[in-house]
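Q:
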Amino acid sequence: MMKKMSMSTSKTSLVLFLCQIISALDVPLDSKLLEELSQPPTITQQSPKDYIVDPRENIVIQCEAKGKPPPSFSWTRNGTHFDIDKDAQVTMKPNSGTLVINIMNGGKAEAYEGVYQCTARNERGAAVSNNIVIRPSRSPLWTKEKLEPNHVREGDSLVLHCRPPVGLPPPIIFWMDNAFQRLPQSERVSQGLNGDLYFSNVQPEDTREDYICYARFNHTQTIQQKQPISVKVFSMDSLNDTIAANLSDTDIYGAKPVTERQPVLLTPTGSTSTKVELRGNVLLLECIAAGLPTPVIRWIKEGGELPANRTFFENFKKTLKIIDVSEADSGNYKCIARNALGSVHHVISVTVKAAPYWITAPRNLVLSPGEDGTLICRANGSPKPSISWLANGVPIAIAPEDPSRKVDGDTIIFSHVQERSSAVYQCNASNEYGYLLANAFVNVLAEPPRILTPANKLYQVIADSPALLDCAYFGSPKPEIEWFKGVKGSILRGNEYVFHDNGTLEIPVAQKSNAGTYTCVARNELGKIQNEVQLEIKDPTMIIKQPEYKVIQRYGQVSFECIIKHDSTLLPTVTWLKDNDELPDDERFLVGKDNLTIMNVTDKDDGTYTCIVNTTLDSVSASAVLTVVARPNPPFDLELTGQLERSIDLSWIPGDENNSPITSFVVEFEDALHEPGVWRYQTEVPGTQTMAQLKLSPYVNYSFRVIAVNRIGRSQPSEPSEQYLTKSASPDENPANVQGIGSEPDNLVITWEPLKGFQSNGPGLQYKVSWRQKDVDDEWTSVIVANVSKYIVSGTPTFVPYEVKVQALNDLGYAPEPSEVIGHSGEDLPMVAPGNVQVHVINSTLAKVHWDPVPLKSVRGHLQGYKVYYWKVQSLSRRSRRHIEKKILTFRGNKTFGMLPGLEPYSSYKLNVRVVNGKGEGPASPDKVFKTPEGVPSSPSFLKITNPTLDSLTLEWGSPTHPNGVLTSYTLKFQPINNTHELGPLVEIRIPANESSLILKNLNYSTRYKFYFNAQTSVGSGSQITEEAVTIMDEAGILRPAVGAGKGYSEILFATSPVMHTVRPTFYKVQPLYPRIRNVTTAAAETYANISWEYEGPDHANFYVEYGVAGSKEDWKKEIVNGSRSFFVLKGLTPGTAYKVRVGAEGLSGFRSSEDVFETGPAMASRQVDIATQGWFIGLMCAVALLILILLIVCFIRRNKGGKYPVKEKEDAHADPEIQPMKEDDGTFGEYSDAEDHKPLKKGSRTPSDRTVKKEDSDDSLVDYGEGVNGQFNEDGSFIGQYSGKKEKEPAEGNESSEAPSPVNAMNSFV
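Residues in the sequence shown are numbered from 80 upward in steps of one, following the numbering used here.
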């Protein structure tokens, strides 16, 4: 155990020692290496040179040293060997040189006073400690003395001496009273450096009997107390009373009152003194002066300045303190004491001496055999110190000789050292003020090379940064270092590498190409060793979007972005700082992945925000400033100056602008006399101005306030200023907006805008109202009224002009003469209607009306214009009366004509004209009748195309809603449209006006036609209505001969009927012009789905179905539909899967339906045995199939024997020779024998999209799966349903009968 402790101690010692090496051979701080290398002793810890100990406690004298092998310790006391084994009170700590002297068990500290020195020794040398002087501390008692009371006259100076006992170390002095309260000190009363209490002049309040001086001895933690000192101060008043009682009147004035005195120094005495201080200590200079009034002390340095940053004044400037003094602080320091009566000064000559201090302390040397070295020991001091050398604690003069060393004053030179040259040398520098002792060893080692950097160490650096590859080595002699790249690489040389003395290889700018394996080789004459390291180059971390400067309003929200890019193998950490410190612990700060958000921003959030990104290899940062702005704080300290009758100066101090400059100040005022609590705008000044000269009105009790304005908004108003009441005066202005308007035919109402309260200029505000009739030689009539806003003059003629004026006055006089205003007395209704009313009809919808003006005298008021009343009496075409709705047009001013727009053609109208004034309308002129001519009609109300056949279409229409005249005829135009949407030749037919339907015959089969239809009057044609329709395809697929074939139409035959059909035919739904696939429906089972759709467009389209798994990005799967059917079965689907499906047409680029989504049924759990493969099941199915076949044969035979269903009977009763179902074998007309109207056709329930019924059809028809496009699937996947189309049964006109469900009708039902 002891051995382990010794080895540990040795390691620590060597580490501390090697930190100081600056020799030719550097020893790395490698723990394994240090365990193996020998080292001379080094003192690592020792007690102070002057060691004052507590006599009540054990004395511990420290001495710790390190070395290899561990050193042994010995002590000297007062220059002779100290044998600790002979003193039972003294022990040495294990593995240490520290002495412990046992005082607490009977020893006395005084017996161990002396000078101690420790020596640490091993086979490589001996190191010694400083001379440690041991002295026990002392705290003696005060000597007994008799203290007389101090009787002092008021104003005199006084010194209370402390004279503490001499202790070790010296005590700390302070003055207190009996209650242990420190006595107050001031410029007048203060404690000196020697502990005495100085009074520059005493005052009556200084009288007390408990001035006590205390001495505190810190080492022993004791306080000694001097006996209390009594001070009694006699004032001059009490002294005069005493003298007056004992002396005659002639001598009463002998006692003088307190007199002032010029300063006198209490300490130091005389005019000059000297002071010696040691370098590095604190210089304390003191001057305390007596005088009345109390003098003030000032310090100067003659011929120089007091040192800045090291000079301090204490004790009310009576003490000058300069810390860390040096020789440059030597000189004369003058203190000057001054009061009102004069001054006194004292010069202190300061000399700074110096105990020895190091210039170059000797440093340890580690040398290889045969190397050279030097130990240098240079010190300075005042006076200059002497240098002496010791070797292993022995003066070098008497130490064993070493041929390799040579002493030259403060230097020892070593040449061609050998291992026996190892030793510890001591340098002693001393003068009269102290000494310095330093140990430095010379350690001669012979060691083969060693590489201390771990093998295969991995270095990671950022690209474009320096790469430092370590090769820490040791060897003696010093090894040579070489670097190689790769296993078989050549030695590295060149400018792209830097080779450091400590073996480190530096690549100043590392690139990706520099990555790899590097080999370090170390060799000296004793051997060779190598080591490999790895270098990886990483991409630098970058902030690709830095935070930006933000200006945000208070209580807003702000966000800083910090988006980074980094090497994928490095893990970055992002830290946000505010003003280079951590973010406040506030939930308003939200740190996201790449941003910082601050909610509810306050003024405290103003500052610089920094985003720091750290990885293990690099660090980057970016900063942005956040400026929080707000409305400014209100101004304050409003002050009124320069008060005059009509002006005053207002000044203020602006409040905080809150980071947004103040642009202006708004000044408002309150009139506490007339409008208390109401603040009105006074003026506005620029934001750089803090004063405004304000114009005032008389008789106003003003208060002012100021509002600051910046870009954010307006501040709160400032506190109001003091009130200022202006003097009264006569009004400066008269009421505004004076008017004279009569309210009745016999009066004149004079109104005005009353003056505001602050405009009255004084008490007793009234108005003088004056008027007279214009253009009549009348005098002014005046009346004085109270503070009102109108006056009514009665008994005036109707609507005559008056001159009116209103003048303000108050108790101090009248306002200036007011200006005159022209008014009129009251109006009355006009007396005369306009005459000579004439109407000129311009066209069918516009007429112009003329009239003669009414004489102005008959208007009896202000002429405002004329009103024309007009209304439609009846339409000339329909001869039907309706509710009369009068319309009014107003023509402003003195106009004599006007235009009447928006009239209905071919109608009868009446109108009259009236004059209008301010009172109302006058009488109407006689009604004037006029008529509008015919116009063109509106479009027909509707156009319907019904009953499409192979070669005919039926058209029906309604007459125009507004015929605007007598209809003369209709015009029908139509033209064919081919599959490419091109228009063919246009055919025009004129139809009589009394017709409402038309049958077009001899049209081409399966052809789309476009129709244009309009009506005519004698004036012209009206707007047209258009429609499109298609004839159906020939049922047998055989074209009928047609005239004009190839031109898009044949010879057209048509017939009209005089009236509308009484029976409405079935309407044909016209196909749209552009193709479309719609109503895609799906019915899914477990592994298949039926897809059906509706198609409208060109004939002979070839369809395909595309499908895929819903949500998948895979390409669509495509299935071609056989023929032009509108259904398909998708097979081989996965159970329980969602699919997407759409339908398209070949040849129509990009033409597809919208997508539909369906889901197949869930998979049924399979059994171990497939029932379909069992023999009994196959036999059963065959038997069932045979029974069904027999049943079908029986039904067929019964049917052929004449059995008819109800539908057949109906067809026999109402046979239509033109429309009969075709037989499937030869296409001729035959008997249709379906069971009922809504049963499906035998060969498919739908016709192809080209609207033909073909004989041949796909074997895969809807008969196999169900009926109709709107059918549904059962849960087992079977198809059920009925036709989606409905067949209307209507009574036919003439010999027409109800149609049987022929293929054509079945086709139409699906449109």
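By construction, the Cβ of each residue, glycine as well, lies at the ideal position given by its N, Cα and C atoms.
Would the beta-carbon of VAL788 be found less than 7 Å away from any heavy atom of the ligand NAP?
A: The ligand NAP is not part of the structure shown, which contains no ligands of any sort.
Q: Would a C-beta distance cut-off of 8 Å place ILE963 and LEU1029 closer than the cut-off?
A: Working through the sequence shown from its first residue, we reach residue 963 at position 884. Working through the sequence shown from its first residue, we reach residue 1029 at position 950. No.
Q: Sort out for me which residues DSSP pairs LYS432 with in a bridge.
A: Translated into the one-based positions of the sequence shown, residue 432 becomes position 353. Looking at the DSSP assignment, LYS432 forms a beta bridge with LEU357.
Q: Alpha carbon to alpha carbon, what distance is there between LYS1052 and GLU1175?
A: Sequence index remark: in the sequence shown, residue 1175 carries index 1096 (1-based). Sequence index remark: in the sequence shown, residue 1052 carries index 973 (1-based). One C-alpha to the other measures close to 25 Å.
Q: Which residues does DSSP list as the beta-bridge partners of ALA369?
A: Start at 1 with the first residue of the sequence shown, and residue 369 comes out as number 290. DSSP, once it has assigned bridges, lists VAL343 as partnering ALA369.
Q: With 16 as the cutoff for other CB atoms within 10 Å, does GLY176 come out buried or exposed?
A: What you label residue 176 is simply residue 97 of the sequence shown in a count that begins at 1. GLY176 should be labelled buried.
Q: Check the DSSP bridge columns for TYR949 and list the partner residues they point to.
A: Start at 1 with the first residue of the sequence shown, and residue 949 comes out as number 870. In the DSSP output, where bridge partners are listed per residue, TYR949 has LYS966, LEU990.
Q: Count Cβ pairs between the region 557-564 and the region 627-642 that sit closer than 8 Å; are there 3 or more?
A: Counting Cβ pairs under 8 Å, fewer than three are found: no touch.
Q: Using C-beta distances below 7 Å, list every residue in its chain close to LYS774, excluding the 5 sequence neighbours before and after it, in chain order.
A: Taking the first residue of the sequence shown as position 1, residue 774 is located at position 695. Here the set comprises ARG725, SER726.
Q: Put PRO755 into one of helix, strand or coil per three-state DSSP.
A: Stepping through the sequence shown from its first residue, residue 755 is reached at position 676. If DSSP states are grouped into helix, strand and coil, PRO755 belongs with the strands.
Q: With distances taken Cα to Cα, identify the nearest neighbour of ARG417 among PRO342, MET978, ASP489.
A: Counting from one through the sequence shown, the residue named residue 417 turns up at place 338. Answer by Cα proximity: PRO342.
Q: For GLY1190 and LYS1197, what's the separation of their Cα atoms in angstroms?
A: What you label residue 1190 is simply residue 1111 of the sequence shown in a count that begins at 1. What you label residue 1197 is simply residue 1118 of the sequence shown in a count that begins at 1. Roughly 17 Å separates the two Cα atoms.
Q: At which residues does the beta strand (DSSP E) containing GLY509 begin and terminate?
A: Translated into the one-based positions of the sequence shown, residue 509 becomes position 430. The question names Gly, yet the displayed sequence has Ser at residue 509. SER509 -> beta strand (DSSP E) spans 502-510.
Q: Using 8 Å as the threshold, is the C-beta distance between ASN603 and GLU559 below it?
A: Here residue 603 refers to the residue found at position 524 of the sequence shown. Here residue 559 refers to the residue found at position 480 of the sequence shown. For ASN603 and GLU559, yes; Cβs fall inside 8 Å.
Q: VAL867 by DSSP, collapsed to three states: which one?
A: Position 788 of the sequence shown, counted from the first residue, corresponds to residue 867. Note: VAL867 maps to coil in three-state DSSP.
Q: Three-state secondary structure (DSSP) at PRO120?
A: If you number the sequence shown from 1, residue 120 lands on position 41. DSSP places PRO120 in strand when its eight states are reduced to three.
Q: Within this structure, are the beta carbons of SER923 and THR1047 separated by less than 8 Å?
A: Along the sequence shown, read from residue 1 onward, the residue named residue 923 stands at position 844. Along the sequence shown, read from residue 1 onward, the residue named residue 1047 stands at position 968. No, they are not a contact pair.
Q: If you draw a straight line from the C-alpha of LEU1396 to the C-alpha of LYS413, how long is it?
A: For residue 1396 there is no data in the structure shown, the boundaries of the chain being 80 and 1390.
Q: Using the Cβ count rule (16 or more neighbours within 10 Å means buried), how would you classify TYR778?
A: Counted from its first residue, the sequence shown places residue 778 at position 699. Flag for TYR778 reads buried.
Q: For the candidate residues ASN360, SER350, THR338, ALA419, whose alpha-carbon lies nearest to that of PRO374?
A: Counting from one through the sequence shown, the residue named residue 374 turns up at place 295. Of the candidates ASN360, SER350, THR338, ALA419, the one whose C-alpha sits nearest the C-alpha of PRO374 is ALA419.
Q: With a threshold of 16 other CB atoms inside 10 Å of the CB of LEU1065, please say whether the residue is buried or exposed.
A: As a working mapping, residue 1065 is identified with position 986 in the sequence shown. LEU1065 should be labelled exposed.
Q: So, helix, strand or coil for LEU1034, using DSSP?
A: To locate residue 1034, count along the sequence shown from 1; it is residue 955. Strand.
Q: If you count every other CB in all the chains shown that lies within 10 Å of the CB of CYS1274, and 16 or more means buried, which is it?
A: Position 1195 of the sequence shown, counted from the start, is the residue given in the question as residue 1274. Result: exposed.
Q: Look at THR860 and ASN789 and say whether their C-beta atoms are less than 8 Å apart.
A: In the sequence shown, the residue the question calls residue 860 occupies position 781. In the sequence shown, the residue the question calls residue 789 occupies position 710. No, the Cβ-Cβ distance between THR860 and ASN789 is not below 8 Å.
Q: Please report the residue range of the beta strand (DSSP E) in which LEU614 lies.
A: On the sequence shown, position 535 is the one that residue 614 refers to. Unbroken beta strand (DSSP E) run through LEU614: 606-617.
Q: Given a cut-off of 8 Å on the beta-carbon distance, is the pair GLU1074 and LEU1022 in contact?
A: Counted from its first residue, the sequence shown places residue 1074 at position 995. Counted from its first residue, the sequence shown places residue 1022 at position 943. No. Outside cutoff.
Q: Between ALA887, TYR846, ASN201, which has its C-alpha nearest PHE520's C-alpha?
A: Numbered from 1 along the sequence shown, position 441 holds the residue referred to as residue 520. That would be ASN201, whose Cα lies nearest to the Cα of PHE520.
Q: Nearest to ALA470 by alpha carbon, out of LEU454, PRO713, ALA458?
A: As a first step, residue 470 is located in the sequence shown; it is residue number 391 there, counting from the start. Of LEU454, PRO713, ALA458, the residue nearest in Cα terms is LEU454.
Q: With a CB to CB cut of under 7 Å and the five nearest residues on each side skipped, what residues in its chain are close to PHE391?
A: As a position in the sequence shown, residue 391 is number 312, starting the count at 1. Only LYS400 meet the Cβ criterion.
Q: What does a CB cutoff of less than 6 Å around TRP758 pick up in its chain, not counting 5 residues either side in sequence?
A: Reading the sequence shown from its first residue, position 679 is the one you call residue 758. Closer than 6 Å at Cβ, skipping near neighbours: GLU747, GLU749.
Q: I believe HIS903 touches GLY821 by the beta-carbon criterion, under 8 Å. Please report the beta-carbon distance rounded to the nearest angstrom.
A: The count along the sequence shown starts at 1 and reaches residue 903 at position 824. The count along the sequence shown starts at 1 and reaches residue 821 at position 742. Rounded, the Cβ-Cβ distance is 6 Å, consistent with contact.
Q: Tell me whether ILE101 is buried or exposed, calling it buried when 16 or more other Cβ atoms sit within 10 Å of its Cβ.
A: Here residue 101 corresponds to residue number 22 of the sequence shown, with the count starting at 1. For ILE101, the pLDDT reaches just 36, beneath the cut-off of 50, and the residue's location in the model is therefore unreliable, leaving the point undetermined.
Q: For ASN1181 and THR1059, I'd like the C-alpha separation in whole angstroms.
A: Walking along the sequence shown from the start, residue 1181 turns up at place 1102. Walking along the sequence shown from the start, residue 1059 turns up at place 980. Going from the Cα of ASN1181 to the Cα of THR1059 covers about 17 Å.
Q: In three-state terms, what does DSSP make of MET978?
A: Translated into positions along the sequence shown, residue 978 becomes position 899. In this structure, MET978 counts as strand in the three-state DSSP scheme.
Q: Among ARG1231, GLY370, PRO533, which one has its Cα closest to the Cα of GLY234?
A: By one-based count along the sequence shown, residue 234 stands at place 155. The shortest Cα separation from GLY234 among ARG1231, GLY370, PRO533 belongs to GLY370.
Q: Which parts of the region 831-889 are runs of the beta strand (DSSP E), unbroken and 3 residues or longer, counting only runs that do not cross its ends?
A: Taking only runs of at least 3 residues, the beta strand (DSSP E) segments lying wholly in the region 831-889 are 845-852, 860-864, 869-873, 880-889.
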